[in-house]
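The numbering of the sequence shown is the working numbering, which starts it at 1 and goes up by one.
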Amino acid sequence: MDLMDAIYHRRAVREFTDEPVDRETVRFVIAAAVQAPSAMNRQPWSFVVVEDQAALERYSSKAKAHLLETVPESTPLGHYRTLLAEPGFHIFYHAPAVIVICATSVEEGTSEDCCLAAENLMLAAHSAGLGTCWIGFARSWLDLAEGRKELGIPAHYVPVAPIAIGHPKGPTPPVPRRHADVLWVGS
């Protein structure tokens, strides 16, 4: 797949089949992720792969409960409270796997480095015919001691990018993009 094709056609997928993602493909997307640039070549990332559906169901319930307890209605996330309260809503969209990219230190720039790795991972997944969705709803729970413990994330790591990955149920339509706001400096 051409790079520009991947950039222009990758979408957030929120409907997955229950077909598992084979480990060779998971290794392929992680291998692409670690090709991302990082400040001073620190490569400050680690990957936690969760394939256990019962565990993902538990994590979804715990993350939803945590958000409902902590997110005030007046914040931008407040309008999601109704969705989060629905028992049938699964924050990982029943994906067969979730890959959590963690920063391995709290040094400045490590979260940004992990974001670059996440983009590589999502583009590689798209090129392999898979769909992904960055699950922002999971991040605050994963950052709690309880969330870290459940996933075996070391205390000094920072969960940055929880990414659901799987086979899309169908095509995901494009969404309109705004024109870039470009400020030119110089002559």
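In this text, a Cβ means the ideal position worked out from N, Cα and C, and glycines have one as well.
Do residue j and residue i have their beta-carbon atoms positioned less than 9 Å apart in this structure?
i    : j    : result
N120 : Q35  : yes
G131 : P87  : no
F92  : S140 : no
G147 : A39  : no
G166 : E24  : no
To the nearest whole angstrom, what separates the beta carbons of residue i and residue j, a pair I think is in contact under 8 Å?
i    : j    : result
C114 : W45  : 5 Å
H9   : H126 : 7 Å
A32  : A124 : 3 Å
W134 : A161 : 6 Å
L68  : L56  : With a Cβ gap of about 19 Å, L68 and L56 do not count as contacting.
Relative to the C-alpha of residue i, which residue among the options is closest?
i    : options               : result
E15  : G186, A33, P96, A55   : P96
L142 : P20, R58, Q53         : R58
P159 : R27, R23, D22, V48    : V48
D2   : E150, A128, Q53       : A128
V98  : G109, A118, L144      : A118
Y157 : P37, K149, H90        : K149
V100 : S187, L151, P37       : L151
Y80  : H94, I30, V185, G136  : G136
A54  : T17, H94, C102, E69   : H94
A63  : F28, I7, A145, C102   : A145
T17  : A65, T70, P171        : P171
H231 : V185, D181, H90, A138 : Shown here, the chain extends from 1 to 187; a query on residue 231 therefore has no answer.
P107 : A6, N41, I153, G186   : The sequence shown places Glu at residue 107, not Pro. It is N41 whose Cα lies nearest to the Cα of E107.
A6   : S187, R177, M122      : M122
Excluding five sequence neighbours on each side, which residues of the same chain lie with their C-beta closer than 8 Å to the C-beta of residue i?
i    : result
P72  : G78
P174 : H9, R11
State yes or no: is the C-beta of residue i nearer than 8 Å to some heavy atom of the ligand MG?
i   : result
P96 : Here there are no bound small molecules, and the ligand MG is not part of this structure.
Might you give, ordered along the chain, the residues of its own chain that have their beta carbon closer than 6 Å to the beta carbon of residue i, omitting 5 neighbours on each side?
i    : result
S105 : P44
I30  : F47
task: Could you tell me which uninterrupted beta strand (DSSP E) segments, each at least 3 residues in length, are contained entirely in the segment 109-158, listed from first to last along the chain?
output: If only complete runs of 3 or more residues are kept, the segment 109-158 shows the beta strand (DSSP E) at 131-134, in order along the chain.
task: Enumerate, from N- to C-terminal direction, the unbroken beta strand (DSSP E) stretches of 3 or more residues contained entirely within the segment 3-74.
output: With a minimum length of 3 residues, the continuous beta strand (DSSP E) runs that stay inside the segment 3-74 are 45-50.
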